[in-house]
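In the working numbering, the protein residues as written are 554 to 864. To start, the structure under review is shown below, and the notes come after it.
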């Protein structure tokens, strides 16, 4: 495991590599709650560069995740995925700019080997650039609504290319020039266009997922049964299973187990030798240690004792 330092402001790109998603969350100024959806040893690679006006990050995940969280405070934050992404239960492709400025946080699902770039930019810089470049700053850039997508494909791709260039440059003068290209493409990408988003999850199933997740989060540290969730959401097992499978690629039972296993892993990585494996497992409703160890190894590619030994 490589533990990278916090990326310093006003410096060149910093490259990070983690084998646990929680470690990424502690190294960047995002408040993230990513739930691994598939099995396998996690690998997260990221590059970060920061200045007074712009912070950019590229990332690549080996596994699929249900991504929940909040973008950095005090900035406008946007993302450009490299490929298809479930964005608030809509399927979007890799030629869109996504707004992370919803006050209630973001909600998306990425498949395995997903990558992309994000941009956090000063609102003052956006307004100043709008005036200097003569490009109107659309209200949607500053809106705190969920699921906003900017549809200009040409400038979305150009924005991603400029962000990659910024992340590769070690010359401060070049980075400042690239920042102006970034804000120009952002302003142009946000011009009004009907995004024509396909593949919207049917309303009943989307509502069932939202209520199911709320119920799961309201009952932490307990092995919630799927039948309980069905009773709470008011939908049949079949409907709930279809809804989860369509959005997350796994059913509600598998989602619950991955959620609990990930919570135990977080305890082991954060508390280290101050906690026993049995106590961490029991805290999240695992009582059969042999079965727990097998399920943990299937999920993360290592035994709980190996996770603890690394810390």
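Where is the CB? At the ideal position from N, CA and C, for every residue including glycine.
Query                                                                                                  : Result
C-beta contact flag for residue 672 and residue 630 at 8 Å                                             : yes
Residues bridged to residue 668 (per DSSP)                                                             : 613
Of the residues 857, 794, 633, the one placed nearest residue 702, counting alpha carbons only         : 633
Span separating the alpha-carbon of residue 845 from that of residue 856                               : 10 Å
Per-residue burial, residue 606 [other beta carbons within 10 Å of its own, 16 or more giving buried]  : buried
Delimiting residues of the beta strand (DSSP E) encompassing residue 629                               : 629-634
Residue of 734, 646, 654 minimising C-alpha distance to residue 685                                    : 734
DSSP three-state assignment for residue 865, whether helix, strand or coil                             : Lying before the first or after the last residue shown, residue 865 is absent from the chain, which here runs from 554 to 864.
Those residues which DSSP pairs with residue 578 across a bridge                                       : Partner(s): none; residue 578 has no beta bridge.
Beta bridge counterpart(s) of residue 620 as assigned by DSSP                                          : 587, 661
CB-CB length for residue 796 against residue 769, believed under 8 Å                                   : The Cβ separation is near 14 Å, so there is no contact.
Identified DSSP bridge partners for residue 717                                                        : Beta-bridge pairing links residue 717 to no other residue.
Assigned secondary structure, residue 696 (DSSP; H/G/I helix, E/B strand, else coil)                   : coil
Exposure label - residue 689; buried when at least 16 CB within 10 Å                                   : exposed
Rounded separation between residue 566 and residue 714 - CA only                                       : 16 Å
Alpha carbon of residue 657 to alpha carbon of residue 621, nearest angstrom                           : 10 Å
Residues near residue 736 in its chain [Cβ-Cβ closer than 7 Å; skip 5 each side]                       : 674, 678, 679, 682
Beta bridge counterpart(s) of residue 639 as assigned by DSSP                                          : 644, 662
Residue 652: first and last residue of the uninterrupted beta strand (DSSP E) it sits in               : 650-652
Straight-line gap, residue 858 to residue 766 (C-alpha atoms, nearest Å)                               : 30 Å
Spatially closest choice to residue 815 from 828, 794, 853, 771, by CA coordinates                     : 853
Rounded separation between residue 777 and residue 585 - CA only                                       : 23 Å
DSSP-derived helix/strand/coil call for residue 776                                                    : coil
Among 691, 697, 599, the one whose alpha carbon lies nearest that of residue 704                       : 691
Residue from 741, 805, 834 with nearest C-alpha to residue 710                                         : 741
Contacting residues, own chain, Cβ-Cβ under 7 Å from residue 717 (five flanking each side not counted) : 611, 670
Alpha-carbon spacing of residue 668 relative to residue 837, whole angstroms                           : 31 Å
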